[in-house]
Amino acid sequence: MTVLDGNKIAGEIQEKIKKEIDSLKRTSNQIPGLTVIIVGDNPASQAYVRKKHKIAQKLGINSRVIELDKRISTVRLIKQIKNLNQDQNVHAVLIQLPLPDTFKTWEILDHLDPGKDVDRFLPINLGKILLNRTEIYPCTPAGVLVILDEYQIDLTGLNVVMVGRSFIVGKPLASMLTNRNATVTICHSKTKHLAGLLRKADLVVAAIGKAGFITPDMVKKNVILIDVGQNFLYQRKDVIKLCTQSQQNKFEKKGYAITGDIHIDAFKKSSYYTPVPGGIGPMTVAMLMQNTLLLFKQKLKLE
Ligand code: GUN
């Protein structure tokens, strides 16, 4: 059972990005610009955005966060996006999801310039992923592939069960794994006989947002487990049932704990696994920085 150490790999990637930004700054006299829009007061989203901003600043990215009240109108939100599309110093824009329920997600996202779509969520960008015609991938799926590559895990011919079909993780990652010669089954909340499918999998990716949902009896011995879930727990009884001792200790200080979609006891049956926290989470942030740099370099090439 080997831990896929997202903190370590993400730290190494960040160092490389920082060096490249320093060097591009010297040669071009410009720096990459990332703007994150956050609407409303979802505490998990606020925490993620703070983290992204802090790391972007550390790497020398011109990072800005636009915080908007949840009562902002759709028209005004779209105006903000259009302003960023025009801003020459902004190379990458991220609209933090989920938006408050009052917004129709695509009515908003569709106004973003696909060239600044750092998440690669827009149809043209997702289409290029499907066709294997791009070098820029959505942050979380990119983080999953990079960490597997770092530990030299060969995906060829593996039976992968992808649990979750979101456009943030499941859909793009399933395509990316298929393009890497894995055989992928996409499962979701309506899938029949999920446990039976999971038990046949060589590699399981869980991206469903249900704490400890995948239990040890649902996976085979030596499976590779990739846990994309980040679930906040506030009840002591849940923390005791679902978290490691070190997470339980942190809960006593912080009042909450974070755990994944895969039950910690399932990791004991695995050959490799990503812990939560410290697995895919930091990889996602590192990939956001990498995508920002890639979009900036694309723009420099066009000048
Ligand atoms: N919410 C959860 N993950 C993500 C992500 O990767 N990008 C955006 N924009 N919102 C998210």
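Here our numbering is used: the first residue of the sequence shown is -5, the next is one more, and so on.
C-beta: ideal position from N, C-alpha, C; glycine also.
Return yes when the Cβ of residue j is within less than 9 angstroms of the Cβ of residue i, no when it is not.
i: S264; j: V233; result: no
i: A201; j: V154; result: no
i: M281; j: I66; result: no
i: V30; j: V87; result: yes
i: L62; j: I102; result: no
i: V222; j: V112; result: no
i: I180; j: V198; result: no
i: P135; j: V157; result: no
i: S22; j: L294; result: yes
i: L(-2); j: E144; result: yes
i: C133; j: N243; result: no
i: D255; j: G203; result: yes
i: I25; j: F245; result: no
i: G190; j: H257; result: no
i: G27; j: D81; result: yes
i: I89; j: M283; result: no
i: L152; j: T177; result: yes
i: T99; j: K64; result: no
Identify which residue in the options has its Cα closest to the Cα of residue i.
i: D16; options: M170, T268 and G54; result: G54
i: S39; options: L28, S67, L93 and L227; result: L93
i: L288; options: T253, Y250 and T128; result: T128
i: L91; options: K52, D35 and L120; result: D35
i: N1; options: E297, I252, M283 and P271; result: P271
i: L146; options: E297, I3 and K247; result: A quick correction: the sequence has Gln, not Leu, at residue 146. Of E297, I3 and K247, the residue nearest in Cα terms is I3.
i: A168; options: V69, L(-2) and Y131; result: Y131
i: V217; options: F261, V178 and I60; result: F261
i: D148; options: K184, N173, L71 and I208; result: N173
i: G275; options: I141, V157 and K204; result: I141
i: F161; options: T150, K13, H182 and T177; result: H182
i: N119; options: M170, L78 and Q74; result: M170
i: Y266; options: N23, K13 and K215; result: K215
i: L71; options: H85, Q82 and D104; result: D104
i: E9; options: K52, N175, R44 and P37; result: K52
Taking the continuous beta strand (DSSP E) assigned at residue i, which residues delimit it?
i: F226; result: N225 to L227
i: M156; result: N153 to V157
i: N56; result: N56 to L62
i: I252; result: A251 to T253
On the DSSP letters alone, give me the boundaries of the alpha helix (DSSP H) that residue i sits inside.
i: A168; result: G164 to N173
i: I234; result: R230 to L236
i: I89; result: Not the alpha helix (DSSP H): I89 falls in the beta strand (DSSP E), residues A86 to I89.
i: A321; result: In the structure as shown, the chain starts at -5 and stops at 297, and residue 321 therefore has no counterpart that could be examined.
i: F261; result: I258 to F261
i: F245; result: Q239 to K248
i: P276; result: I274 to L296
i: N79; result: T68 to Q80
i: N83; result: Unbroken run through N83: none, as it is neither H nor E.
i: I118; result: P117 to L124
i: L103; result: T99 to L103
Is any heavy atom in ligand 3 found nearer than 8 angstroms to the beta carbon of residue i?
i: T29; result: No copy of ligand 3 occurs in the structure displayed; its ligands are ligand 1 alone.
- request: Would you list, in sequence order, the uninterrupted beta strand (DSSP E) runs of no fewer than 3 residues that lie entirely inside the stretch -1 to 51?
  value: 27 to 33
message: Taking contact to mean 3 or more Cβ pairs, one atom from each stretch, closer than 8 angstroms, check whether the stretch 44 to 63 and the stretch 108 to 126 are in contact.
response: Contact between the stretch 44 to 63 and the stretch 108 to 126 is absent, because fewer than three Cβ pairs lie under 8 angstroms.
task: List in chain order: all unbroken alpha helix (DSSP H) runs of 4+ residues lying wholly within the stretch 181 to 221.
output: 188 to 193
- prompt: Using 8 angstroms as the threshold, is the stretch 218 to 233 in touch with the stretch 243 to 250, meaning 3 or more CB pairs across them?
  reply: Because the criterion of three Cβ pairs below 8 angstroms is met, the stretch 218 to 233 and the stretch 243 to 250 touch.
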